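FYI, in the UniProt record's numbering the residues of the sequence shown are 1 to 249.
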Amino acid sequence: MDRWQNRVAVVTGASSGIGAACAVYLANNGMITVGLARRKERMEALREQVQPEARDRLHAIKCDVRDQQQIIAAFQEIETKFGPVAVLVNNAAVVRTTNLVNDNNEQDIKDVIETNIFGVVNCTREAFRSMKANGGDGHVFLINSITGHHVYRIPNHSLNIYPPTKFAMTAMAEVYRQEFSTQETNIKITNISPGAVDTEIITPRMKAALGDSPFLQSEDVADALIYCLQTPPHVQIHELTIKPLGEIF
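Okay, here's the thing in structure tokens:
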């Protein structure tokens with residue numbers, strides 16, 4: 001992690017779950033870490049979870065990634081206060097379990113698409129601009145899902161538009177790889193696709209439907225992210241799938 005020391009990492013959806021774990025791990029590993037989420041107070045509370053010497057490296061900005069103007073303002077604030085962005089973790093995501101064929105689910109579908117696709121596109125654009133203008137290196141992460149590669153069936157549940165948005169993220173990872181290269185940068189892209197993770201996105205009803213299937217913890221994904229960051233500059237882990245041992249999918 002030496003080359004990332006005191007450089008800036010941005011984590012979206014950092015108020016809980018995988019995003020919170022990634023923010024804590026990045027700060028503990030020497031990065032100035034800025035969490036973006038709607039629940040700023042929960043991000044600020046994460047300072048109690050990091051090592052004492054890392055607390056001054058962890059910061060929070062209230063930002064709804066569905067709103068492009070909030071994203072632009074947040075990245076401008078980050079660059080002004082902390083410096084250029086070196087690492088971006090696109091983690092913010094939502095899921096809705098109404099059926100696609102139901103009436104009156106337009107808002108559910110809009111929320112998922114605007115968070116899971118537009119949020120990633122807009123945050124990555126702002127981070128890329130900062131990275132390219134300041135040395136042309138960096139690392140962008142997409143926190144995807146195994147549902148971005150195969151639509152799994154959960155008994156008595158529909159994941160609505162969530163799997164299609166995650167399939168889009170899988171394609172976006174390759175588009176970003178190509179664009180980062182053709183624009184002559186050394187920016188890496190890594191698509192991390194976890195299996196079931198025990199976070200707020202898994203409702204009690206959904207967990208019950210999965211029965212005895214094991215779950216990853218958010219820290220498992222954060223640990224994988226740190227592993228990817230430690231690769232040499234010429235090595236890119238493009239796709240990383242991580243599952244709990246014995247998962248039913």
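Cβ coordinates follow ideal geometry from the N, Cα and C atoms, glycine included. Note that the coordinates shown come from a computational prediction; the quantities given were computed from them, not determined experimentally.
Residue i and residue j closer than 8 Å at C-beta
| i | j | result |
| --- | --- | --- |
| Ile-78 | Gly-136 | no |
| Ala-54 | Asn-28 | yes |
| Asn-160 | Leu-216 | no |
| Met-218 | Glu-247 | According to the sequence displayed, residue 218 carries Ser and not Met. Taking 8 Å as the Cβ cut-off, Ser-218 and Glu-247 do not qualify as a contacting pair. |
| Gly-148 | Met-169 | yes |
| Tyr-152 | Val-95 | no |
| Ala-222 | Cys-22 | yes |
| Ile-242 | Pro-204 | no |
| Asn-45 | Cys-63 | Looking at the sequence provided, one finds Ala at residue 45 rather than Asn. Not in contact: Ala-45 and Cys-63 (Cβ atoms no closer than 8 Å). |
| Ala-209 | Ile-146 | no |
| Thr-165 | Val-89 | no |
| Ser-130 | Val-65 | no |
| Ile-189 | Leu-240 | no |
| Met-43 | Ala-14 | yes |
| Asn-91 | Gly-19 | yes |
| residue 254 | Thr-97 | This structure does not reach residue 254, given that the chain is present from 1 up to 249, and the question cannot be answered. |
| Gln-49 | Val-24 | yes |
| Gln-183 | Lys-110 | no |
| Ile-71 | Asn-102 | no |
Selection from the options that minimises the alpha carbon distance to residue i
| i | options | result |
| --- | --- | --- |
| Ile-237 | Pro-204, Ala-224, Asp-220, Arg-96 | Ala-224 |
| Gly-83 | Asn-90, Pro-194, Val-8 | Val-8 |
| Ile-32 | Pro-244, Arg-57, Asp-212, Ala-21 | Arg-57 |
| residue 302 | Asp-2, Val-34, Gly-119 | In the structure as shown, the chain begins at 1 and stops at 249. Residue 302 is therefore absent and cannot be evaluated. |
| Glu-114 | Val-87, Asp-67, Asn-105 | Asp-67 |
| Arg-125 | Ile-146, Gln-76, Asp-111 | Gln-76 |
| Thr-12 | Leu-229, Lys-166, Val-87 | Val-87 |
| Leu-229 | Phe-141, Asn-104, Tyr-176 | Phe-141 |
| His-234 | Thr-185, Gly-30, Phe-249, Glu-106 | Thr-185 |
| Gly-17 | Thr-98, Glu-239, Val-197 | Val-197 |
| Ala-127 | Asn-116, Tyr-176, Phe-167 | Tyr-176 |
| Gly-119 | Gln-51, His-150, Arg-39, Gln-69 | Gln-69 |
| Ile-117 | Arg-39, Phe-167, Ile-226, Arg-47 | Phe-167 |
Collapsed DSSP secondary structure at residue i in the structure displayed
| i | result |
| --- | --- |
| Pro-52 | helix |
| Lys-207 | helix |
| Ser-130 | helix |
| Gly-135 | coil |
| Ile-117 | helix |
| Ile-18 | helix |
| Val-8 | strand |
| residue 260 | What is shown of the chain runs 1 to 249, which leaves residue 260 out entirely. |
| Ala-93 | coil |
| Ser-181 | helix |
| Leu-58 | strand |
| Phe-82 | coil |
| Val-140 | strand |
| Val-175 | helix |
| Gly-148 | helix |
| Val-101 | coil |
| Leu-26 | helix |
| Val-112 | helix |
Residue i beta carbon near the ligand PLP (any heavy atom closer than 7 Å)
| i | result |
| --- | --- |
| Arg-125 | Although the ligand PLP was asked about, the structure shown includes no ligands whatsoever. |
Boundaries of the alpha helix (DSSP H) in which residue i is found, first to last residue
| i | result |
| --- | --- |
| Glu-239 | Run containing Glu-239: none in the alpha helix (DSSP H); it sits in the beta strand (DSSP E), 239-242. |
| Ala-45 | Taken as a continuous stretch (DSSP letters only), Ala-45 belongs to no alpha helix (DSSP H), as it is neither H nor E. |
| Leu-229 | 218-229 |
Residue range of the beta strand (DSSP E) that includes residue i
| i | result |
| --- | --- |
| Thr-190 | 186-194 |
| Leu-36 | 32-37 |
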